[in-house]
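Sequence order for the protein chains is A and B. Under my numbering, think of the first position of the first sequence as 1, with each following residue one higher. Under my numbering, think of the first position of the second sequence as 294, with each following residue one higher. Worksheet: the structure to be examined is printed underneath.
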Amino acid sequence: MTKGRLSLGSLLSPAMLGMLPFFVFALLFLILPTCILMVGAFQDQAGNFTLDNLAKLLNQPQLLASYWISIKVSLASAIGGALFGFLIAYAIVQGGLPAWVRSSVLTFSGVASNFAGVPLAFAFLATFGRVGLVTVLLRDWFGVNIYSHDIGFNLLSFSGLTLTYLYFQIPLMVLIIVPALEGLKREWREASQILGGTNFHYWRYVALPVLWPSILGATLLLFANSFGAVATAYALTGSSLNIVTIQLYAQIRGDVLHDPNLGFALAFGMILITCLSNGAYIWLRGRSERWLR
Amino acid sequence: MKRSTLLGWVIFAFGATYFILPLLATFEFSLRMLRGQYSFEAYSVVFGDAQFRATFLYSAVLALVTIVLGALVVVPTAYLVRLRLPHLRGLVEFVTLLPLVVPAIVIVFGYLRLYNSSSWLPLTGSDAATNALLAFGYVTLALPYMYRTVDTGMRAIDVKTLTEAAESLGASWSTIMLKVILPNVRSAVLAGAFLTFAIVIGEFTFASLLNRPAFGPYLQLMGANRAYEPSALAIIAFLVTWACMGLIQIFGRKRGAITVP
Numbered sequence: 001m002t003k004g005r006l007s008l009g010s011l012l013s014p015a016m017l018g019m020l021p022f023f024v025f026a027l028l029f030l031i032l033p034t035c036i037l038m039v040g041a042f043q044d045q046a047g048n049f050t051l052d053n054l055a056k057l058l059n060q061p062q063l064l065a066s067y068w069i070s071i072k073v074s075l076a077s078a079i080g081g082a083l084f085g086f087l088i089a090y091a092i093v094q095g096g097l098p099a100w101v102r103s104s105v106l107t108f109s110g111v112a113s114n115f116a117g118v119p120l121a122f123a124f125l126a127t128f129g130r131v132g133l134v135t136v137l138l139r140d141w142f143g144v145n146i147y148s149h150d151i152g153f154n155l156l157s158f159s160g161l162t163l164t165y166l167y168f169q170i171p172l173m174v175l176i177i178v179p180a181l182e183g184l185k186r187e188w189r190e191a192s193q194i195l196g197g198t199n200f201h202y203w204r205y206v207a208l209p210v211l212w213p214s215i216l217g218a219t220l221l222l223f224a225n226s227f228g229a230v231a232t233a234y235a236l237t238g239s240s241l242n243i244v245t246i247q248l249y250a251q252i253r254g255d256v257l258h259d260p261n262l263g264f265a266l267a268f269g270m271i272l273i274t275c276l277s278n279g280a281y282i283w284l285r286g287r288s289e290r291w292l293r
Numbered sequence: 294m295k296r297s298t299l300l301g302w303v304i305f306a307f308g309a310t311y312f313i314l315p316l317l318a319t320f321e322f323s324l325r326m327l328r329g330q331y332s333f334e335a336y337s338v339v340f341g342d343a344q345f346r347a348t349f350l351y352s353a354v355l356a357l358v359t360i361v362l363g364a365l366v367v368v369p370t371a372y373l374v375r376l377r378l379p380h381l382r383g384l385v386e387f388v389t390l391l392p393l394v395v396p397a398i399v400i401v402f403g404y405l406r407l408y409n410s411s412s413w414l415p416l417t418g419s420d421a422a423t424n425a426l427l428a429f430g431y432v433t434l435a436l437p438y439m440y441r442t443v444d445t446g447m448r449a450i451d452v453k454t455l456t457e458a459a460e461s462l463g464a465s466w467s468t469i470m471l472k473v474i475l476p477n478v479r480s481a482v483l484a485g486a487f488l489t490f491a492i493v494i495g496e497f498t499f500a501s502l503l504n505r506p507a508f509g510p511y512l513q514l515m516g517a518n519r520a521y522e523p524s525a526l527a528i529i530a531f532l533v534t535w536a537c538m539g540l541i542q543i544f545g546r547k548r549g550a551i552t553v554p
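So, in structure tokens, the structure goes:
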């Protein structure tokens with residue numbers, strides 16, 4: 001008995017010791033840096049506890065507006081990405097397309113979902129910028145000026161940023177949702193047909209209810225994905241577009257708010273928003289895995 | 294069936310247009326540096342730029358360091374969780390997913406506060422220390438992908454039997470890790486490595502805010518000052534990403550290798 005307990009003890013400690021690098025690493029480079037910002041959001045310059053920073057944040061229309069436009073861009077690109085990504089995933093899984101289409105779409109999705117940041121901004125400037133290829137061709141061939149007052153497109157604005165973000169959001173959605181679509185069992189469709197269900201009935205009462213947590217969860221992940229993005233927007237618009245990551249970037253570079261603790265509050269607000277959307281994602285993923293196992 | 298095939302093709306055509314058009318436009322634009330003719334002038338200017346070579350090299354070396362550090366942190370952890378400490382699985386998975394929750398710009402902001410030159414651990418005090426901090430930061434960014442890939446690789450092999458077999462032959466802990474476990478999850482580690490490379494090579498936020506001469510900030514600087522070179526650089530970056538993903542396909546023929554958690 002004593003021997004058993006001893007060997008259990010000696011078995012546990014080297015294993016736990018082996019986990020030490022991971023936990024020390026996570027603590028130093030992930031958890032502490034995040035915590036120290038959250039603490040800073042609730043401190044004044046002297047280090048005393050205060051709610052002033054959050055109050056100041058809520059009283060700055062410009063900062064609130066930057067959250068709002070970030071949320072709008074992220075929502076639009078997440079919902080758009082989820083919708084188009086789902087359609088593409090549907091087309092390659094159930095649309096009866098040849099196998100090479102499926103594998104090339106999946107490979108391309110892997111590339112495009114990682115093709116973000118500064119180069120993506122360059123690509124969209126060359127395409128939809130004022131002298132971009134598509135802009136010029138639409139003008140010369142069809143007489144349509146997308147920058148005209150009537151259409152009101154501007155790459156350096158909400159619509160342009162959303163269009164650009166879709167380039168990595170759609171492929172990310174494809175990669176997440178294809179396994180879920182593949183998890184739909186053939187028997188379910190057959191059962192629905194035997195019971196006299198139409199295609200509409202199958203989607204409305206069987207497929208979508210099963211897929212719903214995956215779709216919603218993926219949308220939330222896409223939301224967080226674009227909410228935290230900096231490089232694309234910065235390279236595209238400089239600091240002319242007032243999204244929250246660019247505000248924070250300017251604050252870190254040069255304390256433009258003239259109040260370090262207000263900067264921490266700004267970061268705290270971002271963590272809060274991505275926490276909410278990711279928490280919901282993890283919860284929904286747990287629900288969907290029950291079905292798609 | 295016929296109708297749904299047609300629908301599939303229509304969706305595919307729309308998608309293909311949206312995704313290929315920017316690449317074509319960028320490529321076309323990158324060829325227009327010399328007036329009135331198509332040429333690869335922008336590319337030769339880029340490749341001839343000493344700063345391009347220096348920053349690309351810097352980021353490539355940093356990516357390699359990140360990969361090695363990441364593997365050192367992730368492989369033993371995934372192994373121990375699978376073999377000896379399954380009750381820690383939930384906690385470890387939660388921690389590895391945190392970088393998807395906390396935006397990169399927030400993490401680096403935390404570094405600047407925690408490790409500033411007057412702090413207890415002044416990692417931003419010297420160039421060498423800042424380089425190390427940047428590498429650790431990149432390990433953080435790659436953690437969700439690296440851990441997930443390696444863990445999937447471990448699931449495919451029988452870690453328990455392999456370990457017991459090695460132990461009964463008298464292998465030490467380091468021998469088991471280096472000569473038994475690592476070779477068996479090599480393809481997963483390589484898949485994670487190429488994904489990490491693709492993430493790190495053009496990363497902007499960390500490098501820019503830590504003031505490092507990396508490829509991402511160089512790209513941004515070119516974008517702000519030049520006309521045709523950025524397009525050439527975008528095509529080069531796309532090809533690098535493509536190469537990484539292609540190598541993942543070759544080495545890590547397992548599902549989950551390029552999917553996100």
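Backbone N, C-alpha and C define an ideal beta-carbon position, used for all residues, glycine too.
Please classify Asp444(B): is it buried, with 16 or more other beta-carbons within 10 angstroms of its beta-carbon, or exposed?
buried
Residues from the stretch 15-35 of chain A in contact with chain B, defined by Cβ distance under 7 Å:
Listed in sequence order: Ala15, Gly18, Met19, Pro21, Phe22, Phe25, Ala26, Phe29, Leu30, Leu32, Pro33, Thr34.
By Cβ distance below 8 Å, which residues in the same chain neighbour Leu327(B) in space, the five residues on each side in sequence not counted?
Glu334
Under three-state DSSP, which class holds Phe49(A)?
strand
Leaving out five residues before and five after Val367(B) in sequence, what residues of the same chain have Cβ atoms less than 6 Å from its Cβ?
Met439, Tyr440, Val443
Expressed to the nearest angstrom, what Euclidean distance is found between the alpha-carbon atoms of Ser192(A) and Leu155(A)?
One Cα belongs to Ser192(A), the other to Leu155(A), and the distance between them is close to 46 Å.
Can you have a look at Gln330(B) and say buried or exposed, based on whether 16 or more other CB atoms are within 10 angstroms of its CB?
Gln330(B) is exposed by the Cβ-count criterion.
So Tyr331(B) contacts chain A; which residues on that side make the cut at Cβ distance below 9 Å?
The premise fails here: Tyr331(B) is roughly 13 Å from chain A at the closest Cβ pair, so nothing lies under 9 Å.
Could you check if Asn261(A) is buried or exposed, using at least 16 other CB atoms within 10 Å of its CB as the buried criterion?
buried
In this structure, what does DSSP give as the bridge partners for Gln43(A)?
Phe49(A)
Is the beta carbon of Ser74(A) less than 8 Å from the beta carbon of Ser226(A)?
yes
Report yes if the CB atom of Thr417(B) is closer than 8 Å to the CB atom of Phe22(A), and no otherwise.
no
Nearest-angstrom beta carbon gap, Leu51(A) and Phe42(A) [assumed within contact, 8 Å]
7 Å
Where Arg375(B) falls, given that 16 or more other Cβ within 10 Å makes a residue buried
buried
With a threshold of 8 Å between beta-carbons, can Ala233(A) be considered close to chain B, or not?
no
Extent of the continuous alpha helix (DSSP H) to which Ile360(B) belongs:
343-376
Residues of the stretch 149-162 of chain A whose Cβ lies closer than 8 Å to any Cβ of chain B, in chain order
none
Closer than 8 Å is the cut-off here; do at least three beta carbon pairs connect the stretch 390-398 of chain B with the stretch 244-259 of chain A?
Touching, per the Cβ criterion.
With H, G and I counted as helix, E and B as strand and the rest as coil, what does DSSP make of Lys72(A)?
helix
I'd like to know whether the C-beta of Ile304(B) is nearer than 8 Å to at least one C-beta of chain A.
yes
Is there a C-beta anywhere in chain A that falls below 8 Å from the one on Pro437(B)?
no
Comparing alpha-carbon positions, which option in Ile194(A), Gly95(A), Gly263(A), Gly117(A) lies nearest Thr498(B)?
Gly117(A)
Taking Cβ positions only, does Ser410(B) come closer than 8 Å to chain A?
no
Can you give the Cα-Cα distance for Thr534(B) and Leu300(B), rounded to whole angstroms?
31 Å
Is the CB of Ala207(A) under 8 Å away from at least one CB in chain B?
no
Proximity of Ser124(A) and Thr164(A) at Cβ, strictly below 8 Å
Residue identity differs from the one stated: residue 124(A) is Phe in this sequence, not Ser. In contact: Phe124(A) and Thr164(A) (Cβ atoms closer than 8 Å).
From Ile36(A), Met173(A), Tyr167(A), Val134(A), pick the residue whose C-alpha is nearest to that of Ser47(A); which is it?
For clarity, residue 47(A) is Gly in the given sequence; the question names Ser instead. Looking from the CA of Gly47(A), the closest CA among Ile36(A), Met173(A), Tyr167(A), Val134(A) belongs to Ile36(A).
By how many angstroms is the C-alpha of Ala231(A) removed from the C-alpha of Ala343(B)?
23 Å
Using a Cβ-Cβ distance under 8 Å, would Pro119(A) count as near chain B?
Cβ-Cβ to chain B under 8 Å: yes for Pro119(A).
Hey, is Ala397(B)'s beta-carbon within less than 8 Å of any beta-carbon in chain A?
yes
Could you check what DSSP says for Ala318(B) in three-state terms: helix, strand or coil?
Ala318(B): helix per DSSP, three-state reduction.
Report yes if the CB atom of Pro523(B) is closer than 8 Å to the CB atom of Phe122(A), and no otherwise.
yes
So, do the stretch 140-155 of chain A and the stretch 56-64 of chain A have three or more beta carbon pairs nearer to each other than 8 Å?
Counting Cβ pairs under 8 Å, fewer than three are found: no touch.
8 Å contact criterion, which Tyr351(B) and Pro506(B) should meet: CB distance rounded
At roughly 6 Å, the Cβ-Cβ gap stays under 8 Å, so Tyr351(B) and Pro506(B) are in contact.
Presumed contact (8 Å Cβ cut-off) between Thr359(B) and Tyr431(B), rounded CB distance
Rounded, the Cβ-Cβ distance is 4 Å, consistent with contact.
State the DSSP-derived secondary structure class of Arg382(B), mapped to helix, strand or coil.
helix
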